[in-house]
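**Student:** Residue numbers (the numbering used here), protein chains in the order written: chain R, 1 to 114; chain X, 1 to 113.
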Amino acid sequence: KAGVTQTPRYLIKTRGQQVTLSCSPISGHRSVSWYQQTPGQGLQFLFEYFSETQRNKGNFPGRFSGRQFSNSRSEMNVSTLELGDSALYLCASSLTSGRTDTQYFGPGTRLTVL
Amino acid sequence: DQQVKQNSPSLSVQEGRISILNCDYTNSMFDYFLWYKKYPAEGPTFLISISSIKDKNEDGRFTVFLNKSAKHLSLHIVPSQPGDSAVYFCAASGARGNEKLTFGTGTRLTIIP
């Protein structure tokens with residue numbers, strides 16, 4: 001069974017630009033969550049999508065948004081990029097939105113904002 | 001405000017000995033805890049979990065202990081192997097939280113051959 005895939009793996013943008021990251025979950029998984037990892041902050045939850053609906057949202061500004069398609073693939077968008085948005089963005093999929101469902105992570109997209 | 005804390009950024013252990021990684025939490029609503037392991041250039045992989053109704057859970061070389069009164073959990077790896085060298089993240093979730101998982105900042109474990 002293929003794992004969670006994320007594209008692109010690396011991205012360089014400049015301040016003020018916008019970016020879209022993509023995540024394909026494990027086949028059959030309907031929940032996709034997004035996390036931001038920065039040095040010293042660990043992984044911070046951005047949002048979760050289940051059946052094309054946002055189920056939970058972390059404490060991030062509205063510049064961070066996402067969506068999920070009918071095939072469970074998800075995209076994350078960051079508008080008006082700031083230097084502090086440089087991070088590893090990880091997505092994780094699980095079968096359902098249940099709290100104790102194991103989340104399987106992709107390798108991440110490394111975003112650098114110059 | 002860091003609700004899940006891993007106060008040791010790094011830990012070195014001799015191969016074959018026990019590795020003990022610690023994690024503290026502040027939110028009393030957390031009732032489910034997990035450990036993830038992360039290698040460079042890979043996403044975190046699930047290791048072991050524990051519900052707040054238990055105080056211990058074992059899976060092979062990995063054991064997680066939960067002390068609810070101290071709001072503390074630990075991961076024991078016995079015996080430690082070179083392949084265990086990675087960053088370990090503690091995570092927690094609560095029934096009424098709006099976050100899927102709240103993670104600690106990680107502990108880098110290095111196993112010395």
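For every residue, glycine included, the Cβ atom is placed at its ideal position computed from N, Cα and C.
(1) Nearest to Asp84 of chain X by alpha carbon, out of X:Gln14, X:Asn7 and X:Val4?
(2) To the nearest angstrom, how far is it from the Cα of Ile111 of chain X to the Cα of Leu73 of chain X?
(3) Please report the residue range of the beta strand (DSSP E) in which Met76 of chain R lies.
(4) Would Val114 of chain X and Gly60 of chain X qualify as a contact pair, given that the criterion is a beta-carbon distance under 9 Å?
(5) Could you tell me whether the Cβ of Leu43 of chain R comes closer than 9 Å to any Cβ of chain X?
(6) State the CB to CB distance for the pair Thr100 of chain R and Tyr32 of chain X, rounded to an integer number of angstroms; the pair is presumed to be in contact (CB under 8 Å).
(7) Answer yes or no: does any C-beta atom of chain X fall closer than 9 Å to that of Pro107 of chain R?
(8) I want to verify the contact list: residues of chain X whose CB lies under 8 Å from the CB of Val4 of chain R, in sequence order.
(9) Closer than 8 Å by beta-carbon distance: list the chain X residues that pair up with Leu21 of chain R, in chain order.
(10) For chain X, check one thing: does any of its Cβ atoms lie closer than 9 Å to the Cβ of Thr100 of chain R?
(11) What residues from chain X crowd round Gln103 of chain R, counting only those whose CB sits closer than 8 Å?
(12) When the Cβ atoms of the stretch 1 to 12 of chain R are set against those of the stretch 47 to 63 of chain R, are three or more pairs found closer than 8 Å?
(13) Below 8 Å, is the gap between the Cβ of Asn22 of chain X and the nearest heavy atom of the ligand SAH?
(14) Report yes if the C-beta distance between Phe30 of chain X and Ile48 of chain X is below 9 Å; otherwise report no.
(15) Within 9 Å of any Cβ in chain X, is that where the Cβ of Ala92 of chain R sits?
(16) At the level of alpha carbons, what is the spacing between Leu11 of chain X and Ile18 of chain X?
(17) On the CB-based measure, 16 or more other CB atoms within 10 Å of its CB, does Leu54 of chain X come out buried or exposed?
(18) My parser needs the beta strand (DSSP E) runs of 3 or more residues fully inside the stretch 34 to 99 of chain X; what are they?
(19) If you draw a straight line from the alpha carbon of Cys23 of chain R to that of Leu83 of chain R, how long is it in whole angstroms?
(20) With a floor of 3 residues, list each beta strand (DSSP E) that falls wholly inside the stretch 30 to 91 of chain R, ordered by position along the chain.
(21) Could you tell me the alpha carbon to alpha carbon distance between Val113 of chain R and Ala92 of chain R, rounded to whole angstroms?
(22) Are the Cβ atoms of His29 of chain R and Ser70 of chain R separated by less than 9 Å?
**Tutor:** Taking the coordinates as given:
(1) X:Gln14
(2) 21 Å
(3) Ser74 to Val78
(4) In the structure as shown, chain X starts at 1 and stops at 113, and residue 114 of chain X therefore has no counterpart that could be examined.
(5) yes
(6) About 6 Å separates the Cβ atoms of Thr100 of chain R and Tyr32 of chain X, confirming a contact at the 8 Å cut-off.
(7) yes
(8) Near Val4 of chain R (Cβ distances below 8 Å), the residues of chain X are Gly43.
(9) By Cβ distance, chain X contributes nothing, its closest Cβ being about 13 Å from Leu21 of chain R, past 8 Å.
(10) At least one chain X Cβ lies under 9 Å of Thr100 of chain R.
(11) Phe46, Lys100 and Leu101
(12) Short answer: they don't touch.
(13) Only the bare structure without any ligand can be found here, which leaves the ligand SAH out of the picture.
(14) The answer is no: Cβ separation not under 9 Å.
(15) yes
(16) 11 Å
(17) The sequence shown places Lys at residue 54 of chain X, rather than the Leu named in the question. Label assigned to Lys54 of chain X: exposed.
(18) Counting whole runs of 3 or more residues, the stretch 34 to 99 of chain X contains the beta strand (DSSP E) stretches 45 to 51, 56 to 59, 62 to 67, 72 to 77 and 86 to 94.
(19) 23 Å
(20) Runs found: 31 to 38, 42 to 50, 53 to 57, 64 to 68 and 74 to 78.
(21) Taking the straight line from one Cα to the other gives about 23 Å.
(22) no
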